[in-house]
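Enquirer: So that we are looking at the same thing, I have put the structure below in structure tokens.
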Amino acid sequence: MKMKLTGIQVFWMITSMDLGMTLVMTLTPSLLAAKQDAWISIVAAGCIALLVTWLVTQAAHLYPGQTLIEYSQTILGTWLGKAVVVIYLVQWYTIIPIVLRQFSDLVQIMLLQGTPIEAVMLLMVLLIVYAAYGGIEGIGRCSEFLGPIILLMICLVLIASLNNIHWKNILPVYADSEIKGILSGALAPASYLGHSVEYLMFASFMNKPRKGAPYAFGAAMTATFFVLITTMMIIFVIGVNLSPSMWYPFFEMTKKISLFGFIDNFDAIPVVIWIASVFIKLSVYLFIACYGTAQFLRVRNWRVMLWFIAPVIFVFALIPQNVTEATGHYLNRYWVPFVLPVNMIGLPLLLLIVGKWRQQNRSTPV
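Here's what the structure looks like:
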């Protein structure tokens, strides 16, 4: 039976993938580059994310019954299409172990000090293999449940932080960073808010593929809005003298929460947000990596690929020596300079232009 996704499931999948990782992993680079104007960087990042969403929805809807693996070869021909597929497979195969390692490092630091990192990784790998084995439909249902919880937790942190606001921290506006700093600060969050690029792969699973665009746009705008408000709150609460030097300013902001003099210890909330978001993200990526590889290699049963890919990502996740290698090096040397311009913008644009041209030529009478 063919797996099916609803529009609301697509919305929650993209929103969940965007939010947790962006809040935890990309705010520090923005604060370093743009200082108190980091919120303007998030606005710019949101605009880039919307551009990515427009490109991928337009490209995916050219051949709504096919996945990226299939229509890239339909549009560009067998060999060039396969080259495009390989570029995306590299993205999927590299992001899974990196996110797995980031997750394990953070959980070990925040919750399970002294626990072997291999044990934390193995537990998450078993969970995402179970989720991916059920197919994209099961992951979509999971995101319908976890997505609202993620948003609720973020709202709770933001509301509880209101009494720690220092309005002067956001001033002066557009004085210290200039346009170069603002645009530089937009790149990292844009690359994480651009996870709607995976719509290229799972649009074909929707009940009505051509009606999926509003849900993808809604997800990108929702994620951008919450990242924007959170960034402003971090600036208001912590300021730009300290926050750029913090690995996880969102977590640090929750440590300052104290209500009525006795309600505090909100530290667990961002960890819940992080775990739920990472679970959805890793499950989606593992599924599309397995399904895409099976289509690429013409393997009839895509679930067979799970038993090859899961051990590979576990081993690869052990390669980074520390959190700097797992986060900074990957983000600055591959994800931002290559994935953002090529996988998220360049290749969808190429598929859209050539695909439109092919369809017009086919419909033009000789």
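Using the working numbering, you'd call the opening residue of the sequence shown number 830 and step up by one each time. For each residue, glycine too, the CB sits at the ideal point set by N, CA and C.
1) Does the region 987-1005 come close enough to the region 858-867 that 3 or more CB-CB pairs lie under 8 angstroms?
2) Just how far apart, CA to CA, sit GLU966 and LEU956?
3) Run through the DSSP bridge pairs and tell me what MET1035 is partnered with.
4) Should the region 831-843 be regarded as contacting the region 1043-1055, the criterion being three or more beta carbon pairs within less than 8 angstroms?
5) Are the beta-carbon atoms of VAL885 and SER901 separated by less than 7 angstroms?
6) Would DSSP call ASN993 helix, strand or coil?
7) Identify, in the order they occur along the chain, each residue of the same chain with its Cβ nearer than 8 angstroms to the Cβ of PHE776, setting aside the five sequence neighbours on each side.
8) Under the rule that 16 or more other beta-carbon atoms within 10 Å means buried, what is CYS984, buried or exposed?
9) Would you grab the beta carbon distance between VAL1113 and MET846 for me? Rounded to a whole angstrom, and I think it's under 8 angstroms.
10) Please classify PHE1137 as buried or exposed, where buried requires at least 16 neighbouring CB atoms within 10 angstroms.
11) Going by the beta-carbon positions, is the gap between THR1156 and GLY875 smaller than 7 angstroms?
12) Do the CB positions of PRO1102 and MET982 come within less than 7 angstroms of each other?
13) When burial is assigned at 16 or more other CB atoms within 10 Å of the CB, is MET830 buried or exposed?
14) Could you compute how far the alpha carbon of VAL1195 sits from the alpha carbon of ALA888?
15) Can we count ALA1004 as close to the ligand COA, meaning its CB is less than 6 angstroms from some heavy atom?
16) Flag this pair as touching only if the region 1115-1134 and the region 888-898 have three or more C-beta atom pairs under 8 angstroms; answer yes or no.
17) In terms of residue numbering, what span does the alpha helix (DSSP H) encompassing LYS1110 cover?
18) Compare the C-alpha of ILE916 against each of PRO1140, ASN1172, ILE877 and name the closest.
19) TRP1076 lies in the alpha helix (DSSP H); which residues open and close that run?
20) Which runs of the alpha helix (DSSP H) spanning at least 4 residues fall entirely within the region 866-910, listed in chain order?
21) Can you give me the Cβ contacts of ALA1015 inside the same chain, cut-off strictly under 6 angstroms, excluding the 5 residues immediately before and after it?
22) Can you grab the Cα-Cα spacing for the pair THR855 / PRO1018, in whole Å?
23) What residue from GLY836, LEU1135, LEU975 has the CA that sits closest to SER1106's CA?
24) Report yes if the C-beta distance between LYS1245 and ASN1070 is below 7 angstroms; otherwise report no.
Expert: Straight from the coordinates:
1) The region 987-1005 and the region 858-867 touch, with three or more beta-carbon pairs separated by less than 8 angstroms.
2) As a first step, residue 966 is located in the sequence shown; it is residue number 137 there, counting from the start. As a first step, residue 956 is located in the sequence shown; it is residue number 127 there, counting from the start. If I take the Cα positions, the gap works out to 16 angstroms.
3) If you number the sequence shown from 1, residue 1035 lands on position 206. DSSP output for MET1035 lists LEU834 as bridge partner(s).
4) yes
5) In the sequence shown, counting from the first residue as 1, residue 885 sits at position 56. In the sequence shown, counting from the first residue as 1, residue 901 sits at position 72. No, these two residues do not count as a Cβ contact at 7 angstroms.
6) Stepping through the sequence shown from its first residue, residue 993 is reached at position 164. ASN993 falls in the helix class under three-state DSSP.
7) Residue 776 is absent from the structure shown; the chain starts at 830 and stops at 1195.
8) Position 155 of the sequence shown, counted from the first residue, corresponds to residue 984. Label assigned to CYS984: exposed.
9) To locate residue 1113, count along the sequence shown from 1; it is residue 284. To locate residue 846, count along the sequence shown from 1; it is residue 17. Sure, about 6 angstroms apart at Cβ, within 8 angstroms.
10) Numbered from 1 along the sequence shown, position 308 holds the residue referred to as residue 1137. That one is exposed.
11) Residue mapping note: residue 1156 aligns to position 327 of the sequence shown, counting from 1. Residue mapping note: residue 875 aligns to position 46 of the sequence shown, counting from 1. At the C-beta level, THR1156 and GLY875 stay beyond 7 angstroms of one another.
12) The residue labelled residue 1102 in the question sits at position 273 within the sequence shown. The residue labelled residue 982 in the question sits at position 153 within the sequence shown. Here residue 1102 is Ile; the residue named in the question, Pro, does not match the sequence. It is a contact, given that the beta carbons lie within the stated cut-off.
13) Translated into positions along the sequence shown, residue 830 becomes position 1. Here the model assigns MET830 a pLDDT of 43, short of 50, so the residue's position is not dependable, and the following value carries that caveat. Its Cβ having fewer than 16 others within 10 Å, MET830 is exposed.
14) Reading the sequence shown from its first residue, position 366 is the one you call residue 1195. Reading the sequence shown from its first residue, position 59 is the one you call residue 888. Caution applies to VAL1195, whose pLDDT of 42 falls short of 50 and renders its modelled position unreliable; the value that the coordinates give is listed next. If I take the Cα positions, the gap works out to 26 angstroms.
15) Ligands in the displayed structure: none, and consequently the ligand COA is not present.
16) yes
17) Taking the sequence shown and counting its residues from 1, the one referred to as residue 1110 is at position 281. 1097-1126 is the extent of the alpha helix (DSSP H) around LYS1110.
18) By 1-based counting over the sequence shown, the position of residue 916 is 87. Between ILE916 and the set PRO1140, ASN1172, ILE877, the nearest pair of CA atoms involves ASN1172.
19) Walking along the sequence shown from the start, residue 1076 turns up at place 247. TRP1076 -> no alpha helix (DSSP H), and no H or E assigned at all.
20) 867-889, 897-905
21) One-based indexing of the sequence shown puts residue 1015 at position 186. Result list for ALA1015: SER870, ALA873, ALA874, in chain order.
22) Locating residue 855 in the sequence shown gives position 26, counting from the first residue. Locating residue 1018 in the sequence shown gives position 189, counting from the first residue. Roughly 5 angstroms between the two C-alpha positions.
23) One-based indexing of the sequence shown puts residue 1106 at position 277. The candidate whose alpha carbon is nearest that of SER1106 is LEU975.
24) There is simply no residue 1245 to check, as the chain begins at 830 and stops at 1195 in what is shown.
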